[in-house]
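J.: Going by the numbering used here, the first residue of the sequence shown is number -11, and it counts up by one from there.
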Amino acid sequence: MDKLTVAVCGATGAVGREMLETLAQRDFPATEVIPFASARSAGKTVKFKDQELTVRELKEDSFEGVDIAIFSAGGATSTKFSPFAAHAGCVVVDNSAAWRMDDRCPLVVPEVNPEDLAWHNGIIANPNCSTIQMLVALKPIYDTVGIRRIVVSTYQAVSGTGQKGINELEKQVRDLFNQRDIEHKAYPYQIAFNCLPHIDIFLDNDYTKEEMKMVNETRKMFHDDKIGVSATCVRVPVFFGHGESVNIETEKKMTAKECRVLLSQAPGVRVIDNPRELLYPMPIMCAGQDDTMVGRIREDESIENGLNMWICADNIRKGAALNAVQIAEELLRRDLVRVPDRNVFMK
Ligand code: A2P
-11 MDKLTVAVCG ATGAVGREML ETLAQRDFPA TEVIPFASAR SAGKTVKFKD
39 QELTVRELKE DSFEGVDIAI FSAGGATSTK FSPFAAHAGC VVVDNSAAWR
89 MDDRCPLVVP EVNPEDLAWH NGIIANPNCS TIQMLVALKP IYDTVGIRRI
139 VVSTYQAVSG TGQKGINELE KQVRDLFNQR DIEHKAYPYQ IAFNCLPHID
189 IFLDNDYTKE EMKMVNETRK MFHDDKIGVS ATCVRVPVFF GHGESVNIET
239 EKKMTAKECR VLLSQAPGVR VIDNPRELLY PMPIMCAGQD DTMVGRIRED
289 ESIENGLNMW ICADNIRKGA ALNAVQIAEE LLRRDLVRVP DRNVFMK
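(1) Assuming contact is defined by CB atoms lying nearer than 8 Å, are histidine 172 and glutamate 158 in contact in what I supplied?
(2) Mind checking which residues open and close the alpha helix (DSSP H) that includes threonine 67?
(3) Would you tell me roughly how many angstroms separate the C-alpha atoms of serine 233 and threonine 142, rounded to the nearest one?
(4) Which whole-angstrom value is the C-beta distance of threonine -7 and glutamate 20, which I expect to be below 8 Å?
(5) Please check if any C-beta of chain D sits within less than 8 Å of the C-beta of tyrosine 143.
(6) Compute the distance between the beta-carbons of serine 66 and phenylalanine 24, then report whether it is under 8 Å.
(7) What do you reckon, are the CB atoms on glycine 153 and cysteine 117 nearer than 8 Å?
(8) Closest by CA to tyrosine 177, which one among Ile135, Val222, Glu199 and Met209?
(9) Whole-angstrom Cβ separation of asparagine 311 and asparagine 114, contact assumed at under 8 Å?
(10) Taking contact to mean 3 or more Cβ pairs, one atom from each stretch, closer than 8 Å, check whether the region 296 to 307 and the region 269 to 277 are in contact.
(11) With a 10 Å radius around its C-beta and 16 neighbouring C-beta atoms as the bar for buried, classify isoleucine 315 as buried or exposed.
(12) Alpha carbon to alpha carbon, what distance is there between glycine -2 and glycine 63?
(13) Run through DSSP, which three-state label would tyrosine 143 get?
(14) Beta carbon of valine 80, beta carbon of alanine 74: below 8 Å?
(15) Could you round the C-beta distance between valine 43 and serine 60 to whole angstroms and report it? I think they count as a contact, below 8 Å.
(16) Measuring straight from C-alpha to C-alpha, what distance separates arginine 162 and isoleucine 170?
(17) Just checking my contact of alanine 309 with threonine 119 at CB under 8 Å: how many whole Å lie between their CB atoms?
(18) Go through the region 150 to 225 residue by residue and report every complete run of the alpha helix (DSSP H) that reaches 4 residues or more, in order.
(19) Using the three-state DSSP reduction, which class does threonine 243 fall into: helix, strand or coil?
(20) Out of Ile260, Asn296 and Ile291, point me to the one whose CA is closest to threonine 280's CA.
(21) Enumerate in chain order the residues of its own chain whose CB-to-CB distance from leucine 320 is below 6 Å, with the five nearest sequence positions on each side excluded.
(22) Tell me which same chain residues have a C-beta within less than 7 Å of the C-beta of leucine 41, skipping the five on either side of it?
(23) Applying the 10 Å Cβ sphere with the 16-neighbour rule, what's the burial state of valine 249?
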């Protein structure tokens, strides 16, 4: 393509800024990058390579001449504007939860199910950060020995709540050390020096929406309605990088050693697993890194075919911005930067 215009919608947010950084670092072949945000930010500037780009207000008619729009501006903004993008012939890669379970939209992690991009209708969904890193690590195991059931507990960083989560943890830590009263707005309770077993809203079944995202998104991307997924999602006072304790029951036996060998060859995965040398992944190692890191691989001695592992990744990067940019790269590679029917989301 001689012209490739990319819009970054939500460019002033925590993920949006990382998207600009990732596009630059990976030398994404855009001929123009346009940052969009709300009216509040119009006229401000954001950094892209060695330039300062002026932020524009996102509007329904913003997408004329834009080839790819990467959204990270929240579900409501995405629900409102993505159909206009697709109608204008612009392919959307959306980081919110708005389109993930919509049958018209593929939900894609390039290391897991890139083939689903082939049936896109103009909007492609980026999965939840916790699902992405879990499936990058589990897909090779699923393909090799099958997985019957996954039990996962997450330890999720405050940056998953956006800039307001980062600001809240930072301010609470400062206030506590200065013996001032703390305020909480982003979370229902103090997050500094605390853990909240509550991410996103509670649903009728007493799970949170975040937990059910892990269940439903796993089934959609593995094309497996039968796989059991049981999740507990916890917010922890970490700025960047989610950790996950994952237990799986496989169809056939896989030893811990076989698992280490398999994952050390898997795309996007780095195995860090040497207990004797005290080597294991940690969120602080992952910040700013592309790889999903896996360690503490052990056979589950309580069942016949089971494995335990600890998975960490930068939630803003592989969990959001990088995965979205990789989807855009895959669209280009597969010559899929076009909208087959511009009216699918206008009906
Ligand atoms: P703005 O900075 O103008 O509010 P975060 O997840 O870090 O909170 O970032 C959210 C991003 O989504 C920001 O860039 C924010 O822009 C953007 N955003 C929020 N509401 C809208 C909207 N109605 N239209 C366009 N962008 C929006």
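Note that CB positions come from ideal geometry on N, CA and C, so glycine has one too. If you're wondering where the values come from, they're calculated on a predicted model, not measured in any experiment.
T.: Let's see:
(1) Taking the sequence shown and counting its residues from 1, the one referred to as residue 172 is at position 184. Taking the sequence shown and counting its residues from 1, the one referred to as residue 158 is at position 170. Cβ distance not < 8 Å, so histidine 172 and glutamate 158 don't count as in contact.
(2) Against the sequence shown, residue 67 aligns to sequence position 79. Judged by DSSP secondary structure, threonine 67 falls within the alpha helix (DSSP H) whose first and last residues are 63 to 75.
(3) Position 245 of the sequence shown holds residue 233. Position 154 of the sequence shown holds residue 142. Rounded to whole angstroms, serine 233 to threonine 142 spans 6 Å at the Cα level.
(4) Numbered from its first residue, the sequence shown carries residue -7 at position 5. Numbered from its first residue, the sequence shown carries residue 20 at position 32. So it is a contact: roughly 5 Å between Cβ atoms.
(5) The question asks about chain D, but that chain is absent: this structure has only one protein chain.
(6) Here residue 66 corresponds to residue number 78 of the sequence shown, with the count starting at 1. Here residue 24 corresponds to residue number 36 of the sequence shown, with the count starting at 1. By the CB criterion at 8 Å, serine 66 and phenylalanine 24 fall outside the cutoff.
(7) Within the sequence shown, numbered from 1, the residue matching residue 153 stands at position 165. Within the sequence shown, numbered from 1, the residue matching residue 117 stands at position 129. Against a cut-off of 8 Å, the Cβ pair of cysteine 117 and glycine 153 comes out as no contact.
(8) For this step, residue 177 is matched to residue 189 along the sequence shown. With distances taken between CA atoms, tyrosine 177 lies nearest to Val222 out of Ile135, Val222, Glu199 and Met209.
(9) Numbered from 1 along the sequence shown, position 323 holds the residue referred to as residue 311. Numbered from 1 along the sequence shown, position 126 holds the residue referred to as residue 114. Yes, they are in contact, since the Cβ atoms of asparagine 311 and asparagine 114 sit about 5 Å apart, within 8 Å.
(10) Three or more Cβ pairs closer than 8 Å define a contact, and the region 296 to 307 meets that threshold against the region 269 to 277.
(11) For the purposes of this step, residue 315 is identified with residue 327 of the sequence shown, where counting begins at 1. Answer is buried; the Cβ neighbour count reaches 16.
(12) Locating residue 63 in the sequence shown gives position 75, counting from the first residue. Locating residue -2 in the sequence shown gives position 10, counting from the first residue. Between the alpha carbons of glycine 63 and glycine -2 lies a gap of roughly 11 Å.
(13) Your numbering for residue 143 matches position 155 in the sequence shown. If DSSP states are grouped into helix, strand and coil, tyrosine 143 belongs with the strands.
(14) As a position in the sequence shown, residue 80 is number 92, starting the count at 1. As a position in the sequence shown, residue 74 is number 86, starting the count at 1. Yes. Within cutoff.
(15) As a working mapping, residue 43 is identified with position 55 in the sequence shown. As a working mapping, residue 60 is identified with position 72 in the sequence shown. Their Cβ separation, rounded to whole angstroms, is 14 Å, which puts valine 43 and serine 60 out of contact at 8 Å.
(16) Within the sequence shown, numbered from 1, the residue matching residue 162 stands at position 174. Within the sequence shown, numbered from 1, the residue matching residue 170 stands at position 182. Our two residues, arginine 162 and isoleucine 170, have alpha carbons roughly 9 Å apart in a direct line.
(17) For the purposes of this step, residue 309 is identified with residue 321 of the sequence shown, where counting begins at 1. For the purposes of this step, residue 119 is identified with residue 131 of the sequence shown, where counting begins at 1. That belief does not hold up - the Cβ atoms of alanine 309 and threonine 119 are roughly 16 Å apart, past 8 Å.
(18) Counting only runs that start and end inside the region 150 to 225, the alpha helix (DSSP H) elements of at least 4 residues fall at 151 to 165 and 197 to 210.
(19) As a position in the sequence shown, residue 243 is number 255, starting the count at 1. Annotated three-state conformation of threonine 243 is coil, per DSSP.
(20) Counting from one through the sequence shown, the residue named residue 280 turns up at place 292. It is Ile260 whose Cα lies nearest to the Cα of threonine 280.
(21) For the purposes of this step, residue 320 is taken as the residue at position 332 of the sequence shown. Closer than 6 Å at Cβ, skipping near neighbours: no residue.
(22) Numbered from 1 along the sequence shown, position 53 holds the residue referred to as residue 41. Same-chain partners within the cutoff: Val21, Pro23, Thr33 and Val34.
(23) As a position in the sequence shown, residue 249 is number 261, starting the count at 1. With fewer than 16 other Cβ atoms within 10 Å, it is exposed.
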